[in-house]
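Novice: Heads up: take any position in the sequence shown, counting from 1, add 76, and you land on this note's numbering. C-beta atoms are modelled at their ideal positions from N, C-alpha and C, and glycine is treated no differently. The structure displayed is predicted, hence computed values, not measured ones. Structure incoming, see below.
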Amino acid sequence: MRFQAALILFVLAFSSQAQTGLGNFQEIENQNESYIQIKTDNAHLRIEICSDALLRIRNSWDGNFEANEPYMVVNYDWPATSYTLTDSEEQLILQTEKLKVTITKQPVQISIFDSEGRLLNTDASAGNYRDNQHVGVQKKLFPDEHFFGLGERMDFLDRRGKKTTLTVGRGEGLPHIIGAYNVLEANYSPVPFIMSTRGYGIFFHTSFTSTWDLGHSTSETYSFEAEGGELDYYFIYGPDFEAILDRYTSITGKAPLLPKAALGLHVGTYSGGTWGHEEKTSDHYPVDLVRKFRELHIPIDILHLDSTWRIFGKNGGSGATTFEWRETFENPEAMFDSLYAEGLSMVGVHVRPRFDNGNTLNLLDQAREAGFVYPEPNNTGEFVNFFDTKAVDWWWQNGAKRLADTGAMFFKTDEGSAFGRKANESNKTGPQGPEIKRLHNLFPLAYAKAPYEKFQEYNGMRGMNHTREGYAGIQRYPFIFAGDWPSEWQYFEPVIKAGLNIGLSGVSNWAHCMGGFEHVADPELYIRWTQFGLLSPIAHLFGMEHPNYKEPWAYGEEALANFRKYDELRYELAPYLYSAMYENHLTGKPMMRALVLDYQNDPNVYDITDQYLLGNAMMICPVVTKGAQTRTLYLPQGNWINYWTGAKHTGRQYLNVLCPLDQIPIFLKEGAMIPTQKLVQTLDAETPQEILLNIYPGTENTLLLYDDDGKSLDYREGRLSTTAFSLTADEERIRLTKKELKQAYKLENRTYRYLLHLDHKPQKLWLNDKEVNLEGTTSEDFSVTYRDGILNIGSGIQKEIFSIRIKP
């Protein structure tokens with residue numbers, strides 16, 4: 077009898093998970109210029125034609141489709157796209173200019189082809205399905221297919237053969253052993269979006285926890301499913317990854333431009349007293365800290381005061397926000413005045429999403445009484461209801477604006493994952509219940525959106541928010557950082573993976589705690605990590621160990637010299653980085669790029685997690701092994717130049733290079749044009765008057781140089797400047813042309829100096845078709861010198877064309 081009972085239970089458990097598919101075709105229910113909708117035995121299937129390369133595929137089991145949500149997706153209004161629909165006995169064929177979609181009728185399954193008839197993607201036997209707990213899709217997996225994306229993952233780059241669950245949080249793998257959770261589980265910013273090397277992307281439009289089985293259970297199929305909600309996904313045709321990202325971010329939103337100063341150095345501080353040392357904090361410490369950077373001539377633009385600026389409250393302890401200054405901060409307003417007097421561009425403070433009562437403010441009690449916290453049983457709610465605009469307004473007026481009035485210009489929004497999960501430093505568990513399963517992943521978006529927009533309006537300039545958690549669409553409220561990973565070698569490369577994966581998921585403005593967050597770092601690790609950090613999209617220095625706090629002078633003279641060297645390089649590269657940020661704003665292409673983004677047809681790059689392109693021309697190769705004097709790297713297709721030595725190498729080969737402690741290997745694409753500027757101590761000072769354009773001839777290339785005022789929102793109205801440079805080269809001649817494309821932002825007295833890095837001295841030079849002498853020619857309009865392989869041409873001519881004859 078026991079065996080029989082166990083068998084019955086097993087059968088019941090199995091049948092409760094039985095999948096229901098679409099079944100057979102019954103009829104076309106509706107067809108208009110935007111979508112077709114068909115009825116099947118078990119469901120209603122709608123295919124929306126967003127563009128000729130973008131489809132939204134939705135499944136309702138009762139015929140009622142959910143209303144469009146405003147958090148992940150910002151664009152539902154697509155212009156009408158021309159398409160045809162052909163109905164035959166066996167199938168429907170929907171065709172746009174770029175895609176052909178076949179829908180078989182017995183049973184209903186979807187296959188998608190490109191315009192040349194190549195099969196891109198097709199449903200497997202299950203197709204669209206549901207069971208008691210999930211909605212999902214099963215697709216055929218092709219032998220040569222690899223996947224990339226899924227957000228800020230620290231585990232793998234190529235996701236083929238992996239099974240991954242996406243829900244915002246640290247993960248629940250290993251315990252908190254030496255300062256961080258399991259890198260296999262870390263999920264601070266999951267994004268339910270993948271790109272396939274077959275030339276398409278899938279964005280699973282769900283806020284529920286989702287699981288992606290990308291060939292883990294079987295090598296024949298892959299699937300993605302969610303723990304609730306409507307089945308709703310976008311099919312995004314490329315075929316290249318750059319086009320897929322452009323279309324994905326046209327759905328979830330392009331990243332706005334940050335203030336130009338955000339490309340400078342960001343430093344976080346515990347104001348002299350981290351956890352357990354709060355009594356050591358003071359309003360003098362941040363000012364003295366910035367003054368030391370200035371005295372040592374280390375450029376810096378941004379500072380944030382982390383959690384110990386505030387008193388820890390009476391209800392939520394260290395895990396909630398009172399908006400009340402700690403008593404050790406005697407005059408916060410004077411502190412802000414002093415910090416700005418030192419030339420900082422922006423200063424911000426750390427907050428968490430829960431109200432608390434302080435010594436003089438009782439915002440938690442007030443918010444509960446007014447109904448501005450998210451409801452919990454017995455009026456125990458603490459989380460600001462960021463889904464309610466009235467609650468957001470109250471939070472701003474009664475809490476956040478107090479800090480803005482004192483001098484803060486942005487927030488670091490921490491603990492977005494705690495809504496519906498256990499918080500970091502308390503026993504508080506966020507709201508529970510069925511609706512929280514839908515809202516948990518959306519909370520970080522609503523949380524980051526509120527201060528980003530409120531500060532932008534209050535400051536009268538571009539917004540900036542510094543946050544740890546995100547989800548699909550977080551790129552609209554930049555920037556995001558990788559979390560609190562310890563200063564241990566074992567975490568260094570996983571943090572690089574996080575940056576590569578988030579970039580492949582539509583997020584460019586990304587940072588990490590360079591040098592690690594917890595523990596005093598090995599000085600060598602500190603040097604290697606800060607080299608990477610200062611060549612990341614956002615350069616963020618922050619640590620919690622008392623009393624070092626990752627300040628560069630705390631790690632010895634060699635570490636200090638290294639930090640200054642790469643910080644100065646970053647500031648000189650500002651025009652290059654700002655132009656890359658503008659490209660991201662236009663196209664969604666990230667500043668930090670896994671090699672697979674540009675070389676998706678080269679299987680050699682699919683697992684490279686310690687190299688990346690910074691912008692279009694620079695390949696950065698961090699050194700992640702302690703004691704390494706050399707490292708092996710891969711050069712993709714094309715020719716490459718060693719930044720440090722000038723040596724040239726052909727692509728599609730592995731290379732072993734020297735990497736002394738003061739050098740991170742950097743390689744430049746042949747044909748690179750890298751705009752730089754003179755060294756400044758803050759990027760907020762002025763638009764550079766002279767651009768130094770470093771040119772590495774050898775092949776054709778183009779550069780779009782971007783300028784604007786660096787602060788205002790005027791760029792959204794087109795008040796900006798773009799200058800196009802075109803380089804052509806062959807065996808006999810190098811030719812450069814410059815064209816002003818848009819000059820709505822005036823560049824007063826802008827001059828250019830061209831630094832051509834050549835193998836040998838050229839034979840002749842023409843400027844504007846006029847031959848000039850290479851032996852130190854100088855005139856009102858230009859100067860020419862040649863020394864140590866660099867042809868230096870300085871010119872104030874507004875319309876320039878020059879060509880160099882290499883051979884007679």
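Can you tell me the Cα-Cα spacing of Y523 and E746, whole angstroms?
Specialist: Stepping through the sequence shown from its first residue, residue 523 is reached at position 447. Stepping through the sequence shown from its first residue, residue 746 is reached at position 670. So the two alpha carbons sit approximately 44 Å from each other.
Novice: Thinking C-alpha only, which one of L781, L711, N677, W842 is nearest H222?
Specialist: Reading the sequence shown from its first residue, position 146 is the one you call residue 222. Taking only the C-alpha atoms, the option nearest H222 is N677.
Novice: Taking the beta carbon of A748 as the centre, do at least 16 other beta carbons fall within 10 Å, making it buried, or is it exposed?
Specialist: Here residue 748 refers to the residue found at position 672 of the sequence shown. Per the 10 Å Cβ criterion, buried.
Novice: Count the other CB atoms, across all protein chains shown, that sit within 10 Å of the CB of H373; report buried if there are 16 or more and exposed otherwise.
Specialist: Along the sequence shown, read from residue 1 onward, the residue named residue 373 stands at position 297. Classification for H373: exposed.
Novice: If you run the structure through DSSP and keep just helix, strand and coil, what is I877?
Specialist: For the purposes of this step, residue 877 is taken as residue 801 along the sequence shown, with counting starting at 1. It is a strand residue.
Novice: Would you identify the three-state DSSP class for T172, choosing helix, strand or coil?
Specialist: Within the sequence shown, numbered from 1, the residue matching residue 172 stands at position 96. Note: T172 maps to coil in three-state DSSP.
Novice: Below 9 Å between beta carbons: does that hold for H833 and N770?
Specialist: The residue you call residue 833 lines up with position 757 of the sequence shown. The residue you call residue 770 lines up with position 694 of the sequence shown. Contact flag set, yes.
Novice: Taking the continuous beta strand (DSSP E) assigned at L817, which residues delimit it?
Specialist: By one-based count along the sequence shown, residue 817 stands at place 741. Here the beta strand (DSSP E) through L817 covers 809-819.
Novice: Quick check on DSSP: helix, strand or coil for R646?
Specialist: Counting from 1 along the sequence shown, the entry for residue 646 is found at position 570. Helix at R646.
Novice: State the Cα-Cα distance for the pair S201 and P219, rounded to the nearest angstrom.
Specialist: Taking the first residue of the sequence shown as 1, we reach residue 201 at position 125. Taking the first residue of the sequence shown as 1, we reach residue 219 at position 143. Roughly 17 Å separates the two Cα atoms.
Novice: Please report the Cβ distance between M694 and G579, rounded to the nearest whole angstrom; I am assuming they are in contact, meaning their Cβ atoms lie under 8 Å.
Specialist: By 1-based counting over the sequence shown, the position of residue 694 is 618. By 1-based counting over the sequence shown, the position of residue 579 is 503. The Cβ separation is near 15 Å, so there is no contact.
Novice: Taking just the CA atoms, how far does G237 sit from N624?
Specialist: Counting from 1 along the sequence shown, the entry for residue 624 is found at position 548. Counting from 1 along the sequence shown, the entry for residue 237 is found at position 161. Computed Cα separation, rounded: 42 Å.
Novice: Since L341 and L611 should fall inside the 8 Å C-beta cutoff, what is the C-beta to C-beta distance between them, to a whole number of angstroms?
Specialist: Here residue 341 refers to the residue found at position 265 when the sequence shown is read from its first residue. Here residue 611 refers to the residue found at position 535 when the sequence shown is read from its first residue. Not really, about 12 Å apart at Cβ, beyond 8 Å.
Novice: Measure how close the beta-carbons of S493 and G245 come, nearest whole angstrom, since I'm counting them as under 8 Å.
Specialist: Within the sequence shown, numbered from 1, the residue matching residue 493 stands at position 417. Within the sequence shown, numbered from 1, the residue matching residue 245 stands at position 169. Yes, they are in contact, since the Cβ atoms of S493 and G245 sit about 4 Å apart, within 8 Å.
Novice: Using 8 Å as the cut-off, can you tell me whether the segment 382-397 makes contact with the segment 764-780, which would need three or more C-beta pairs spanning the two stretches below that distance?
Specialist: No contact exists between the segment 382-397 and the segment 764-780.
Novice: So, using beta-carbon positions, are F431 and A480 closer together than 9 Å?
Specialist: As a first step, residue 431 must be located in the sequence shown, where it is residue number 355. As a first step, residue 480 must be located in the sequence shown, where it is residue number 404. For F431 and A480, no; Cβs fall outside 9 Å.
Novice: Count the other C-beta atoms from every protein chain shown that fall within 10 angstroms of the C-beta of P46, then say buried if there are 16 or more, exposed otherwise.
Specialist: What is shown of the chain runs 77 to 884, which leaves residue 46 out entirely.
Novice: Determine the DSSP secondary structure at R194, reduced to helix, strand or coil.
Specialist: Here residue 194 refers to the residue found at position 118 of the sequence shown. The answer is coil: DSSP assigns R194 none of H, G, I, E or B.
Novice: Along the beta strand (DSSP E) that carries M667, what are the first and last residues, could you check?
Specialist: To locate residue 667, count along the sequence shown from 1; it is residue 591. No beta strand (DSSP E) contains M667, which DSSP labels as neither H nor E.
Novice: Between F317 and K513, is the Cβ-Cβ spacing less than 9 Å?
Specialist: For this step, residue 317 is matched to residue 241 along the sequence shown. For this step, residue 513 is matched to residue 437 along the sequence shown. No, the Cβ-Cβ distance between F317 and K513 is not below 9 Å.
Novice: At a cut-off of 8 Å, would you count E166 as near the ligand GTP, judging by its Cβ distance to the nearest heavy atom?
Specialist: As presented, the structure is devoid of all ligands, the ligand GTP included, so that no description of it is given.
Novice: Expressed to the nearest angstrom, what Euclidean distance is found between the alpha-carbon atoms of L518 and V468?
Specialist: Within the sequence shown, residue 518 is the residue found at index 442, counting from 1. Within the sequence shown, residue 468 is the residue found at index 392, counting from 1. Those two C-alpha atoms are separated by around 15 Å.
Novice: Tell me the residue span of the beta strand (DSSP E) that contains E301.
Specialist: For the purposes of this step, residue 301 is taken as residue 225 along the sequence shown, with counting starting at 1. E301 -> beta strand (DSSP E) spans 297-302.
Novice: Measure the alpha-carbon distance for E192 versus E296 and round it to whole angstroms.
Specialist: Here residue 192 refers to the residue found at position 116 when the sequence shown is read from its first residue. Here residue 296 refers to the residue found at position 220 when the sequence shown is read from its first residue. Their Cα atoms are separated by approximately 24 Å.
Novice: By alpha-carbon positions, which one of T240, K525, D234, F495 ends up nearest to E541?
Specialist: On the sequence shown, residue 541 is found 465 positions in, with the first residue counted as 1. According to the sequence displayed, residue 541 carries Asn and not Glu. Closest option to N541, Cα to Cα, is K525.
Novice: Quick one: measure Cβ to Cβ for A630 and P268, integer angstroms, because I've assumed they're closer than 8 Å.
Specialist: Position 554 of the sequence shown holds residue 630. Position 192 of the sequence shown holds residue 268. Not confirmed; about 41 Å, so no contact.
Novice: Among the candidates T804, E762, D784, whose CA atom is the shortest distance from the CA of T778?
Specialist: By 1-based counting over the sequence shown, the position of residue 778 is 702. Ranking the options by Cα distance to T778, first place goes to T804.
Novice: From the DSSP output, read off the bridge partner residues of G227.
Specialist: Taking the first residue of the sequence shown as position 1, residue 227 is located at position 151. The partner list for G227 (beta bridge, DSSP) reads P266.
Novice: In the DSSP assignment, the beta strand (DSSP E) including K336 goes from what residue to what residue?
Specialist: Walking along the sequence shown from the start, residue 336 turns up at place 260. That residue, K336, is in no beta strand (DSSP E); it is neither H nor E in DSSP.
Novice: Would you decide whether N849 is buried or exposed? Buried here means 16 or more other CB atoms lie within 10 Å of its CB.
Specialist: In the sequence shown, residue 849 corresponds to position 773, counting from 1. Its Cβ having fewer than 16 others within 10 Å, N849 is exposed.
Novice: Tell me the start and end of each unbroken beta strand (DSSP E) in the segment 715-749 that is at least 3 residues and wholly inside, in chain order.
Specialist: Qualifying beta strand (DSSP E) stretches, in chain order: 715-718, 724-726, 729-734, 742-745.
Novice: CB-CB under 7 Å to L217, same chain, minus the five flanking residues each way: which ones, in chain order?
Specialist: Mapped onto the sequence shown, residue 217 falls at position 141. Contacts found: G291, S295, E296, T297, Y298.
Novice: Could you tell me whether the segment 327-339 touches the segment 648-660, where touching means 3 or more Cβ pairs closer than 8 Å?
Specialist: In short, these stretches touch, since the Cβ pair count reaches three.
Novice: Do the CB positions of R604 and V699 come within less than 9 Å of each other?
Specialist: The residue labelled residue 604 in the question sits at position 528 within the sequence shown. The residue labelled residue 699 in the question sits at position 623 within the sequence shown. It is a contact, given that the beta carbons lie within the stated cut-off.
Novice: Give every residue of the same chain whose Cβ lies closer than 8 Å to the Cβ of K63, excluding the five residues on either side of it in the sequence, and list them in chain order.
Specialist: As shown, the chain starts at 77 and ends at 884. That puts residue 63 outside it, with no answer to give.
Novice: Can E744 and W716 be called in contact, C-beta distance under 9 Å?
Specialist: Walking along the sequence shown from the start, residue 744 turns up at place 668. Walking along the sequence shown from the start, residue 716 turns up at place 640. Residue identity differs from the one stated: residue 744 is Leu in this sequence, not Glu. Against a cut-off of 9 Å, the Cβ pair of W716 and L744 comes out as a contact.
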